[in-house]
Amino acid sequence: MTYEPGKYPKEYNPKVHGPYHPGRYYGKPDVPFGDVKIGDLGGWISRRKTFWNWSGRWMNARNPGFAPIGHIIMLSSTYYFLHCKYH
Numbered sequence: 002m003t004y005e006p007g008k009y010p011k012e013y014n015p016k017v018h019g020p021y022h023p024g025r026y027y028g029k030p031d032v033p034f035g036d037v038k039i040g041d042l043g044g045w046i047s048r049r050k051t052f053w054n055w056s057g058r059w060m061n062a063r064n065p066g067f068a069p070i071g072h073i074i075m076l077s078s079t080y081y082f083l084h085c086k087y088h
């Protein structure tokens with residue numbers, strides 16, 4: 002599945018899938034993580050829609066609260082800590 006700005010994926014069929022959701026993979030069902038070969042790991046990770054799933058759950062919720070901001074702060078703090086510790 003390739004990314005084309007402004008277009009739906011080729012696998013998406015509105016009659017079958019209903020409204021488009023950017024966090025869903027419309028291709029054939031993927032293999033579980035335990036069955037992924039090392040050579041196919043990059044492609045498997047690229048098919049994950051992690052940002053859209055996180056955004057739908059935390060940022061675009063009806064009342065998001067402090068949780069998404071806290072996630073970003075903790076991620077930044079962890080990155081800064083590891084960068085300072087190992088560089």
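Numbering-wise, my numbering puts 7 at position 6 of the sequence shown, and it's gapless, one number per residue. We treat Cβ as the ideally placed atom computed from N, Cα and C, and that holds for glycine.
For residue i, three-class secondary structure by DSSP
{"i": "A62", "result": "coil"}
{"i": "K16", "result": "helix"}
{"i": "P69", "result": "helix"}
{"i": "K11", "result": "coil"}
{"i": "G35", "result": "helix"}
{"i": "K86", "result": "helix"}
{"i": "Y27", "result": "coil"}
{"i": "Y81", "result": "helix"}
Inter-residue spacing [alpha-carbon to alpha-carbon] between residue i and residue j
{"i": "H73", "j": "G40", "result": "Note on residue identity: the sequence assigns Ile, not His, to residue 73. Rounded to the nearest angstrom, the two C-alpha atoms are 31 angstroms apart."}
{"i": "M60", "j": "H88", "result": "33 angstroms"}
{"i": "H22", "j": "N64", "result": "20 angstroms"}
Delimiting residues of the alpha helix (DSSP H) encompassing residue i
{"i": "F52", "result": "51-55"}
{"i": "I46", "result": "42-47"}
Contact with chain C by residue i, beta-carbon distance below 8 angstroms
{"i": "S47", "result": "The chain labelled as chain C is not found in the depicted structure, where only one protein chain is given."}
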